[in-house]
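Peer 1:
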Amino acid sequence: MAKNNMFAELANNIDEDLNELQMPTGTLKPKQFDSSLIPATKTAIALNDLFMIPIDELIPFQRKGNRDFSPWSEDEVKALAEQMDSEGAFEPILVRKLDSGKYEILAGEHRAKASKLKGLKKIRAIVYRGCSDEKAMDIFLLTNLQRRTTKISDSIYGWYMFSQNHPSIKNNKDLESAIKVTDSVGTDKMPVTLTQYYRYVKMANLLDTLIESLDKREISLRVGYELALYTHDEQKMFIPLLSMLTEEKLQHIKKCVKEQNLTLSTELIKDLLKPKKTNNYDSSLRSGLAKVKLT
Numbered sequence: 006m007a008k009n010n011m012f013a014e015l016a017n018n019i020d021e022d023l024n025e026l027q028m029p030t031g032t033l034k035p036k037q038f039d040s041s042l043i044p045a046t047k048t049a050i051a052l053n054d055l056f057m058i059p060i061d062e063l064i065p066f067q068r069k070g071n072r073d074f075s076p077w078s079e080d081e082v083k084a085l086a087e088q089m090d091s092e093g094a095f096e097p098i099l100v101r102k103l104d105s106g107k108y109e110i111l112a113g114e115h116r117a118k119a120s121k122l123k124g125l126k127k128i129r130a131i132v133y134r135g136c137s138d139e140k141a142m143d144i145f146l147l148t149n150l151q152r153r154t155t156k157i158s159d160s161i162y163g164w165y166m167f168s169q170n171h172p173s174i175k176n177n178k179d180l181e182s183a184i185k186v187t188d189s190v191g192t193d194k195m196p197v198t199l200t201q202y203y204r205y206v207k208m209a210n211l212l213d214t215l216i217e218s219l220d221k222r223e224i225s226l227r228v229g230y231e232l233a234l235y236t237h238d239e240q241k242m243f244i245p246l247l248s249m250l251t252e253e254k255l256q257h258i259k260k261c262v263k264e265q266n267l268t269l270s271t272e273l274i275k276d277l278l279k280p281k282k283t284n285n286y287d288s289s290l291r292s293g294l295a296k297v298k299l300t
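The numbering used here numbers the first residue of the sequence shown as 6 and each following residue consecutively.
(1) Assuming leucine 246 and leucine 278 are in contact, meaning their beta carbons sit under 8 Å apart, how far apart are those beta carbons, in whole angstroms?
(2) Could you work out which residue in Tyr133, Leu147, Ala94, Cys136 is closest to tyrosine 202 when comparing CA atoms only?
(3) Specify, as a first and last residue, the run of the beta strand (DSSP E) that alanine 130 falls within.
(4) Leaving out five residues on either side along the sequence, give the residues of the same chain with a beta carbon under 7 Å from the beta carbon of histidine 237.
(5) Taking DSSP as the reference, what is the three-state secondary structure of alanine 94?
(6) Per DSSP, which one or two residues make a beta bridge with alanine 112?
(7) Which residues share a DSSP beta bridge with aspartate 54?
(8) Taking leucine 219 and isoleucine 157 to be in contact with their CB atoms under 8 Å, please state how far apart those CB atoms are, rounded to whole angstroms.
(9) By how many angstroms is the C-alpha of histidine 115 removed from the C-alpha of valine 82?
(10) Can you give me the C-alpha to C-alpha distance between glutamine 67 and lysine 123, rounded to a whole angstrom?
(11) From the DSSP output, in three-state form, read off methionine 249 for me.
(12) Closest to isoleucine 244 by C-alpha separation, out of Leu180, Leu99, Lys121, Thr271, would be which residue?
(13) In three-state terms, what does DSSP make of lysine 281?
(14) For the ligand SAH, is there a heavy atom less than 7 Å away from the beta-carbon of valine 206?
(15) With DSSP as the reference, please indicate the residues paired to leucine 85 in a beta bridge.
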C-alpha cells in the first residue's frame, strides 16, 4: 500500500510540474524533479524537457541541403488538423533552442503546420539540451526515415544526408555506431543493411526524373543503382528506354562498352538491348538429321 501511495504522489507531482512549466510571460521555467519520490534502487535523469512552445517561435530544420523529404499535401495537413482536439497533437514534436531564441524543429514539422492550421497558439515539444549540429541532423534524418517508408526518394535523400553527416562509415560496425539504434531511432532493428545503405547513397547521383521513376515503380531499385553509376549526360540516354531495362541488361551494356571501347549513345543502347538472334530449325528437319546420324 505504501508503494501505491508513493506512485500516486509521484503522478501528482509530475502533473503539477507540467502545469507550471509555462510562465504567463511565455518564458520557460525548468522545474526541479523531486528524486526522493523515486525508489532508492532507481535513478531518474532528465535529459530533455517537455514544454508548451508558442507555435510562432518555431522554425523548420535549417540544414536540409538542396533537397528535402517529400512534403505532405495540403489535404493531408488539413486531415491531421481535423483529428486534433483543443490540446493539439498527442505526440510532442522534437526541437532545440537556437541562439536567436527560436526553436528549430527536428521532428514534427507537419504536426506544427497542422496545429497552426487548427488555430492553436502552442504545441507540446521536447526540448533537446546541448544538441550539437551533428546530433540535430541525426534526429531530423532518422526520425523521418523511420516514418517514411513508401517513397524511395525519401530513403535516397535521408541516407545520402546521413552519409554526409557521418563520412567515416566503412562497415557494419561504423553504421550501427552512427545510427545508435536504441537511442535515436527507437527500435532494436537496424533500419538498413550496409548494402542497402550504400545503394541509397549512390542513387543520390540519379537525375530527378529517374528518382521519380523509382517512386512510381517504373524501374526497380537494382536498375536505379546501375543507372546511378553513369554520369548525368549518360543517364539521359537511357530515359527513353526505361521500360526495357533490367539489372542484367545494364550490366551487359556496361561490359560491352568497356571491353569493345565503344562510345555510349541511345542508338548503341537500343542495339545492345535487342534480343540475341537464335537459329530456329524445323522440328521435322532436326528429326531427320538425327536419323541420318543414327544410320
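Glycine included, every Cβ here is placed at the ideal spot set by N, Cα and C. Since this is a predicted model, take the numbers as computed values, not measurements.
Peer 2: By the coordinates alone:
(1) Here residue 246 is taken as the residue at index 241 of the sequence shown, counted from 1. Here residue 278 is taken as the residue at index 273 of the sequence shown, counted from 1. Contact flag correct, Cβ pair sits at about 7 Å.
(2) By one-based count along the sequence shown, residue 202 stands at place 197. Ranking the options by Cα distance to tyrosine 202, first place goes to Leu147.
(3) Translated into the one-based positions of the sequence shown, residue 130 becomes position 125. Where alanine 130 is concerned, the enclosing beta strand (DSSP E) stretches over 127 to 133.
(4) The count along the sequence shown starts at 1 and reaches residue 237 at position 232. Around histidine 237: Leu212.
(5) Position 89 of the sequence shown, counted from the start, is the residue given in the question as residue 94. Coil, per DSSP.
(6) Position 107 of the sequence shown, counted from the start, is the residue given in the question as residue 112. Looking at the DSSP assignment, alanine 112 forms a beta bridge with Leu99.
(7) One-based indexing of the sequence shown puts residue 54 at position 49. Beta-bridge pairing by DSSP links aspartate 54 to Val132.
(8) Translated into positions along the sequence shown, residue 219 becomes position 214. Translated into positions along the sequence shown, residue 157 becomes position 152. Contact flag correct, Cβ pair sits at about 4 Å.
(9) As a first step, residue 82 is located in the sequence shown; it is residue number 77 there, counting from the start. As a first step, residue 115 is located in the sequence shown; it is residue number 110 there, counting from the start. Distance between the alpha carbons of valine 82 and histidine 115 is about 7 Å.
(10) Numbered from its first residue, the sequence shown carries residue 67 at position 62. Numbered from its first residue, the sequence shown carries residue 123 at position 118. Whole-angstrom Cα-Cα distance: 24 Å.
(11) Here the question's residue 249 lines up with position 244 in the sequence shown. Helix, per DSSP.
(12) Here residue 244 refers to the residue found at position 239 when the sequence shown is read from its first residue. Comparing Cα-Cα distances from isoleucine 244 to each of Leu180, Leu99, Lys121, Thr271, the minimum goes to Thr271.
(13) Stepping through the sequence shown from its first residue, residue 281 is reached at position 276. Secondary structure at lysine 281: coil, using DSSP grouped into helix, strand and coil.
(14) Judged by which ligands are present, the structure shown has none, so any question about the ligand SAH falls away.
(15) For the purposes of this step, residue 85 is taken as the residue at position 80 of the sequence shown. Beta-bridge annotation (DSSP): leucine 85 is not paired with any residue.
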